[in-house]
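Trainee: Going line by line, the protein sequences match chains G and C. Take 182 as the starting number for the first sequence in the working numbering and just add one per residue. Take 182 as the starting number for the second sequence in the working numbering and just add one per residue. Glycine is no exception: its CB is placed at the ideal position from the N, C-alpha and C atoms.
There are 2 protein chains.
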Amino acid sequence: MSQIGFGSRIRKSPFFDSTIEAGAAAFTIYNRMYMPVSYGNPDAEYELLTTAVALWDVAAERQVEIVGPDAKALVQYLSARNLESIKPGVARYAPLCDHNGVLINDPIVVCVNPDRYWLSIADSDVLLWVRAVAGERGDNVDVFEPDVSPLAIQGPLAEQLMADLVGPEMVAGLGFFKHCFAEIQGIPFVLCRSGWSKQGGFELFLTDGTRGNELWSIVMDAGEKYGIGPGTPNQQERIESGLLSYGSDHLRDATPLEVGLGAFVSLDNDIDFIGKAALLADRSGQSGRRPRRLVNVDINGPAISNTHPWPLTRGGVPVGELRNMVWSPRLQRSIGLAFVDAVAAEPGTVLSAQAEWQTLEAVVSGQPFGDPRA
Amino acid sequence: MSQIGFGSRIRKSPFFDSTIEAGAAAFTIYNRMYMPVSYGNPDAEYELLTTAVALWDVAAERQVEIVGPDAKALVQYLSARNLESIKPGVARYAPLCDHNGVLINDPIVVCVNPDRYWLSIADSDVLLWVRAVAGERGDNVDVFEPDVSPLAIQGPLAEQLMADLVGPEMVAGLGFFKHCFAEIQGIPFVLCRSGWSKQGGFELFLTDGTRGNELWSIVMDAGEKYGIGPGTPNQQERIESGLLSYGSDHLRDATPLEVGLGAFVSLDNDIDFIGKAALLADRSGQSGRRPRRLVNVDINGPAISNTHPWPLTRGGVPVGELRNMVWSPRLQRSIGLAFVDAVAAEPGTVLSAQAEWQTLEAVVSGQPFGDPRA
Numbered sequence: 182m183s184q185i186g187f188g189s190r191i192r193k194s195p196f197f198d199s200t201i202e203a204g205a206a207a208f209t210i211y212n213r214m215y216m217p218v219s220y221g222n223p224d225a226e227y228e229l230l231t232t233a234v235a236l237w238d239v240a241a242e243r244q245v246e247i248v249g250p251d252a253k254a255l256v257q258y259l260s261a262r263n264l265e266s267i268k269p270g271v272a273r274y275a276p277l278c279d280h281n282g283v284l285i286n287d288p289i290v291v292c293v294n295p296d297r298y299w300l301s302i303a304d305s306d307v308l309l310w311v312r313a314v315a316g317e318r319g320d321n322v323d324v325f326e327p328d329v330s331p332l333a334i335q336g337p338l339a340e341q342l343m344a345d346l347v348g349p350e351m352v353a354g355l356g357f358f359k360h361c362f363a364e365i366q367g368i369p370f371v372l373c374r375s376g377w378s379k380q381g382g383f384e385l386f387l388t389d390g391t392r393g394n395e396l397w398s399i400v401m402d403a404g405e406k407y408g409i410g411p412g413t414p415n416q417q418e419r420i421e422s423g424l425l426s427y428g429s430d431h432l433r434d435a436t437p438l439e440v441g442l443g444a445f446v447s448l449d450n451d452i453d454f455i456g457k458a459a460l461l462a463d464r465s466g467q468s469g470r471r472p473r474r475l476v477n478v479d480i481n482g483p484a485i486s487n488t489h490p491w492p493l494t495r496g497g498v499p500v501g502e503l504r505n506m507v508w509s510p511r512l513q514r515s516i517g518l519a520f521v522d523a524v525a526a527e528p529g530t531v532l533s534a535q536a537e538w539q540t541l542e543a544v545v546s547g548q549p550f551g552d553p554r555a
Numbered sequence: 182m183s184q185i186g187f188g189s190r191i192r193k194s195p196f197f198d199s200t201i202e203a204g205a206a207a208f209t210i211y212n213r214m215y216m217p218v219s220y221g222n223p224d225a226e227y228e229l230l231t232t233a234v235a236l237w238d239v240a241a242e243r244q245v246e247i248v249g250p251d252a253k254a255l256v257q258y259l260s261a262r263n264l265e266s267i268k269p270g271v272a273r274y275a276p277l278c279d280h281n282g283v284l285i286n287d288p289i290v291v292c293v294n295p296d297r298y299w300l301s302i303a304d305s306d307v308l309l310w311v312r313a314v315a316g317e318r319g320d321n322v323d324v325f326e327p328d329v330s331p332l333a334i335q336g337p338l339a340e341q342l343m344a345d346l347v348g349p350e351m352v353a354g355l356g357f358f359k360h361c362f363a364e365i366q367g368i369p370f371v372l373c374r375s376g377w378s379k380q381g382g383f384e385l386f387l388t389d390g391t392r393g394n395e396l397w398s399i400v401m402d403a404g405e406k407y408g409i410g411p412g413t414p415n416q417q418e419r420i421e422s423g424l425l426s427y428g429s430d431h432l433r434d435a436t437p438l439e440v441g442l443g444a445f446v447s448l449d450n451d452i453d454f455i456g457k458a459a460l461l462a463d464r465s466g467q468s469g470r471r472p473r474r475l476v477n478v479d480i481n482g483p484a485i486s487n488t489h490p491w492p493l494t495r496g497g498v499p500v501g502e503l504r505n506m507v508w509s510p511r512l513q514r515s516i517g518l519a520f521v522d523a524v525a526a527e528p529g530t531v532l533s534a535q536a537e538w539q540t541l542e543a544v545v546s547g548q549p550f551g552d553p554r555a
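1) Secondary structure at C/T209, three-state DSSP: helix, strand or coil?
2) CB C/F196 to CB C/A272, shorter than 8 Å?
3) Is there a C-beta anywhere in chain C that falls below 8 Å from the one on G/V271?
4) What is the residue span of the beta strand (DSSP E) that C/N477 lies within?
5) Tell me whether G/R192 is buried or exposed, calling it buried when 16 or more other Cβ atoms sit within 10 Å of its Cβ.
6) With DSSP collapsed to three states, give me the class of C/R511.
7) Would C/N321 pass as a contact of C/P250 if the rule is Cβ separation under 8 Å?
8) How long is the line joining the alpha carbons of G/S398 and G/S199, rounded to whole angstroms?
9) On the premise that G/I334 lies in contact with G/F370, defined as a C-beta separation below 8 Å, what is that separation, rounded to the nearest angstrom?
10) Would you say the region 304–314 of chain G touches the region 493–509 of chain G, given that touching needs at least three Cβ pairs under 8 Å?
11) With distances taken Cα to Cα, identify the nearest neighbour of C/C361 among C/P276, C/R374 and C/I368.
12) Taking all protein chains shown into account, do 16 or more other C-beta atoms lie within 10 angstroms of the C-beta of C/N481, making it buried, or fewer, making it exposed?
13) Under a three-way DSSP split, which group does C/A523 fall into?
14) Less than 8 Å between the beta carbons of G/P414 and G/W237, yes or no?
15) With DSSP run on the structure shown, which of helix, strand or coil describes C/A338?
16) Apply the 10 Å Cβ neighbour rule to G/T209 and answer buried if 16 or more other Cβ atoms are within range, or exposed otherwise.
17) Please determine if the region 450–457 of chain G and the region 273–290 of chain G are in contact, where contact requires at least 3 C-beta pairs separated by less than 8 Å.
18) Enumerated in chain order, which unbroken segments of the alpha helix (DSSP H) with a length of 4 residues or greater are wholly contained in the region 389–473 of chain C?
19) Does any residue of chain G bring its CB to less than 8 Å from the CB of C/P414?
20) Among residues of its own chain, excluding the 5 on either side of C/I267, which ones have a beta-carbon nearer than 7 Å to its beta-carbon?
21) Judging by CA-CA distance, which residue of G/P437, G/L475 and G/W299 is the nearest neighbour of G/L460?
22) Thinking just about the alpha-carbon of each residue, which of G/S301, G/E418, G/Y298 and G/L277 is nearest to the one in G/G443?
23) With DSSP collapsed to three states, give me the class of C/V531.
24) What first and last residue would you give for the beta strand (DSSP E) that runs through C/D238?
25) Against chain G, does C/F187 count as a neighbour if the rule is that its beta carbon must be under 8 Å from one of theirs?
26) Who are C/V248's beta bridge partners in DSSP?
27) Grab the span of the alpha helix (DSSP H) containing C/L229 for me, first residue to last.
28) Once the 5 residues before and after C/G381 are set aside, which same chain residues still bring their CB inside 8 Å of it?
29) If I measure Cβ to Cβ from G/A207 and keep anything under 6 Å in the same chain, skipping five residues before and after, which residues do I get?
30) Just checking: is the beta-carbon of G/T488 within a distance shorter than 8 Å of some beta-carbon in chain C?
31) Less than 8 Å between the beta carbons of C/V347 and C/I368, yes or no?
32) Should the region 406–422 of chain G be called in touch with the region 228–235 of chain G, which here means at least 3 C-beta pairs below 8 Å?
33) Quick one: does C/Q535 have its CB under 8 Å from some CB of chain G?
34) Take C/V248 as the anchor and find which of C/V324, C/M343 and C/S305 has the nearest alpha-carbon.
35) Can the beta-carbon of C/L332 be found closer than 8 Å to that of C/V245?
36) For C/A240, tell me which candidate among C/F187, C/S189 and C/L385 has the shortest Cα-Cα distance.
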């Protein structure tokens, strides 16, 4: 491990001081914002998330706001998924592709008002990309990063905690990927039933960045009786649960079909979106691109994890990379995600993974993300 | 200080292992690549850069390659600077603006061939932006990130070291911001007289990422007699020398005119580029934007530096932020860069900087970057 340098190029989250005080031990940089990735005890953090409730600073999940008369048409043109049915109060997981059909982000699209949308993004500069598209098209929209910072409350006890905070009616009425305006002690946020785990929970999209530490304290105090603690997006749980980590699980030239997001790509109707022609050419085999797949793999033996991709071979021939590998407490074995040539993607295929210290046997077990989220 | 998390989302530079072995103590993340920012002894690193020669891993300065029949026309449309005279062997510092005239990067444009260009970028996803523009325009180009990783050799003795490595003729014939193809022991690179310091030196744009550690060792061995050591882009020297740090010295909604890059923006001819109309509206006062300026400031007293922006006021009224502050060994005082309302930009203006622990008096001393680089 090395130190991280703090400086003015990278932003601090509205919850930054609270996370330091709570013992944040390691950070990454995500959308040019510091984001905690560890509080120093991975086993305890997994336990907290899967049995109680954890509070995550995910302000680095920045928003790209698109507002104006052409906003809805533009958002549909940007999104590979059919968004006809989106409306205020509804959010959709909607991959974005560039003109070559390459996945450039996998945001949640939040419809705030009929002419106002947030793309709640993973780690890439979608703001620049949307501005370029809107600018060249001459769309009548404003595109900017608003003062909106998500705080995630995740875990089986999140439901009760949230009911204590905003009242049981609001929580009971909120379906998965639905959202509404809310406030606690005058602190305004959009409350959405969402989050990057499958343990249940909410994201509070704080809309006043000056009040982050206040909100953190209020949630922590109210959560004490449920055993709440600080946590971070959890690599073990999300791989067990089959949630994609954009840019981490695959190479940056991957298509949404290659990473298993076909269920969110509307190729078979008359919706027009950026990258559709390229994806259709891929599907019909006319693009000349060699198809790859994101697959689950198992490695037998003791607990294993990686900090960078390991090369994979089959019979001595390179076939891809083992991108992420963790010990699964639920399955009691090491599981991971590999990005491999399609010919090596069949379940049961035996691959060799070149770790730093030895060669390991990895067996393809299936494909993740078959399950549409919402 | 906190730890940095290592994982598959962020890439390692081809020189990564060498930097770890050389004692890299802290990293940042820049263009989704780990980049060393300290070897643990700032005074010694400044001394090395300004009196001898230092070797920097700046592979995170990624390239966006634009190649094809429409490449030259597209590069001109992307760049706020007039590039009519660019040709193979020549590089130009050329700011990029979005359709609102906002500075989105300040790359060096390297003309590799008449139909092949590299944008050698600061920290933002120019690749996505260029692909969006090219895609919407229907330009006949390929846009991608090539296997090109800069290694910088900077300092007053860089000239002699480079002559030892590639021969004195090649070095003597290479003017500022000029480049040529070169190799050392079969390791291919583009050699450019450039770099993010004003101590003199070169950037070696390695074009085979598998050979980074080899190249590092060769340069280190050859540099031993000049007292070479590892270093990083140096905050003290670059502020003394007036080199912009994109995204760090200013807010991300700044225009190139606001940050002092007017000399590189071609508003008074018939060159068309993205953002020109917005910048002209700004200049004529029709945009309604409140103008700001990047200015140098002095703070009297002991050595001071900051790790995040400090709010600035004048007579109790907020006027901007003190973005970066360092102790200048050359000037023997604390100097910095502030991004302030234009009304507070006059030399001699006295501002109050709110540091974490006290209020400091900062005096505007002038504007940086008046000096066109190349």
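Mentor: Reading off the structure:
1) Counting from 1 along the second sequence, the entry for residue 209 of chain C is found at position 28. It is a strand residue.
2) The residue labelled residue 196 of chain C in the question sits at position 15 within the second sequence. The residue labelled residue 272 of chain C in the question sits at position 91 within the second sequence. No. Outside cutoff.
3) Stepping through the first sequence from its first residue, residue 271 of chain G is reached at position 90. So, not an interface residue.
4) Looking up residue 477 of chain C in the second sequence gives position 296. Counting along the chain, the beta strand (DSSP E) containing C/N477 begins and ends at R473 to I480.
5) Taking the first residue of the first sequence as 1, we reach residue 192 of chain G at position 11. Under this definition G/R192 is a buried residue.
6) Here the question's residue 511 of chain C lines up with position 330 in the second sequence. Here C/R511 sits in coil by DSSP.
7) To locate residue 321 of chain C, count along the second sequence from 1; it is residue 140. To locate residue 250 of chain C, count along the second sequence from 1; it is residue 69. Yes, Cβ-Cβ distance for C/N321 and C/P250 is below 8 Å.
8) As a first step, residue 398 of chain G must be located in the first sequence, where it is residue number 217. As a first step, residue 199 of chain G must be located in the first sequence, where it is residue number 18. C-alpha separation (whole angstroms): 8 Å.
9) Here residue 370 of chain G refers to the residue found at position 189 of the first sequence. Here residue 334 of chain G refers to the residue found at position 153 of the first sequence. That belief does not hold up - the Cβ atoms of G/F370 and G/I334 are roughly 11 Å apart, past 8 Å.
10) Remark: fewer than three beta-carbon pairs, one from each stretch, lie closer than 8 Å, so the region 304–314 of chain G and the region 493–509 of chain G are not flagged as touching.
11) Stepping through the second sequence from its first residue, residue 361 of chain C is reached at position 180. Nearest C-alpha to C/C361: C/R374.
12) Position 300 of the second sequence, counting from 1, holds the residue named residue 481 of chain C. The residue in question, C/N481, is exposed, as its Cβ has fewer than 16 Cβ neighbours within 10 Å.
13) Mapped onto the second sequence, residue 523 of chain C falls at position 342. Here C/A523 sits in helix by DSSP.
14) Within the first sequence, residue 414 of chain G is the residue found at index 233, counting from 1. Within the first sequence, residue 237 of chain G is the residue found at index 56, counting from 1. Contact flag set, yes.
15) Sequence index remark: in the second sequence, residue 338 of chain C carries index 157 (1-based). A small fix is needed here, since residue 338 of chain C is Leu in this sequence, not Ala. If DSSP states are grouped into helix, strand and coil, C/L338 belongs with coil.
16) For the purposes of this step, residue 209 of chain G is taken as residue 28 along the first sequence, with counting starting at 1. Result: buried.
17) Between the region 450–457 of chain G and the region 273–290 of chain G, the count of C-beta pairs closer than 8 Å reaches three or more; the two stretches touch.
18) 393–404, 416–422 and 457–464
19) The residue labelled residue 414 of chain C in the question sits at position 233 within the second sequence. Residue contact check for C/P414 against chain G: no CB pair falls below 8 Å.
20) Within the second sequence, residue 267 of chain C is the residue found at index 86, counting from 1. Excluding residues within five positions, the ones whose Cβ falls inside 7 Å are R273, V290 and C292.
21) The sequence position of residue 460 of chain G within the first sequence is 279, counting from 1. Answer by Cα proximity: G/P437.
22) Numbered from 1 along the first sequence, position 262 holds the residue referred to as residue 443 of chain G. The shortest Cα separation from G/G443 among G/S301, G/E418, G/Y298 and G/L277 belongs to G/L277.
23) Start at 1 with the first residue of the second sequence, and residue 531 of chain C comes out as number 350. Note: C/V531 maps to strand in three-state DSSP.
24) Residue 238 of chain C sits at position 57 when you count from the first residue of the second sequence. Counted as a single uninterrupted DSSP element, the beta strand (DSSP E) harbouring C/D238 occupies residues A235 to D238.
25) Along the second sequence, read from residue 1 onward, the residue named residue 187 of chain C stands at position 6. At least one C-beta of chain G is nearer than 8 Å to the C-beta of C/F187.
26) On the second sequence, position 67 is the one that residue 248 of chain C refers to. Paired residues: C/R297 and C/D323.
27) In the second sequence, residue 229 of chain C corresponds to position 48, counting from 1. First-last of the alpha helix (DSSP H) with C/L229: P223 to T232.
28) Counting from one through the second sequence, the residue named residue 381 of chain C turns up at place 200. Q335, G336, P337, A339 and E340, listed in sequence order.
29) Along the first sequence, read from residue 1 onward, the residue named residue 207 of chain G stands at position 26. A distance below 6 Å between beta-carbons, with the five flanking residues on each side excluded, links G/A207 to the following residues of its chain, in chain order: V218 and S219.
30) The residue you call residue 488 of chain G lines up with position 307 of the first sequence. So yes, G/T488 belongs to the interface.
31) The residue you call residue 347 of chain C lines up with position 166 of the second sequence. The residue you call residue 368 of chain C lines up with position 187 of the second sequence. Contact flag unset, no.
32) yes
33) Taking the second sequence and counting its residues from 1, the one referred to as residue 535 of chain C is at position 354. For C/Q535, the answer is no, since every Cβ of chain G falls outside 8 Å of its Cβ.
34) As a position in the second sequence, residue 248 of chain C is number 67, starting the count at 1. Nearest neighbour of C/V248 by Cα position, chosen from C/V324, C/M343 and C/S305, turns out to be C/V324.
35) Locating residue 332 of chain C in the second sequence gives position 151, counting from the first residue. Locating residue 245 of chain C in the second sequence gives position 64, counting from the first residue. Taking 8 Å as the Cβ cut-off, C/L332 and C/V245 do not qualify as a contacting pair.
36) For the purposes of this step, residue 240 of chain C is taken as residue 59 along the second sequence, with counting starting at 1. When each option's Cα is compared against that of C/A240, the closest is C/L385.
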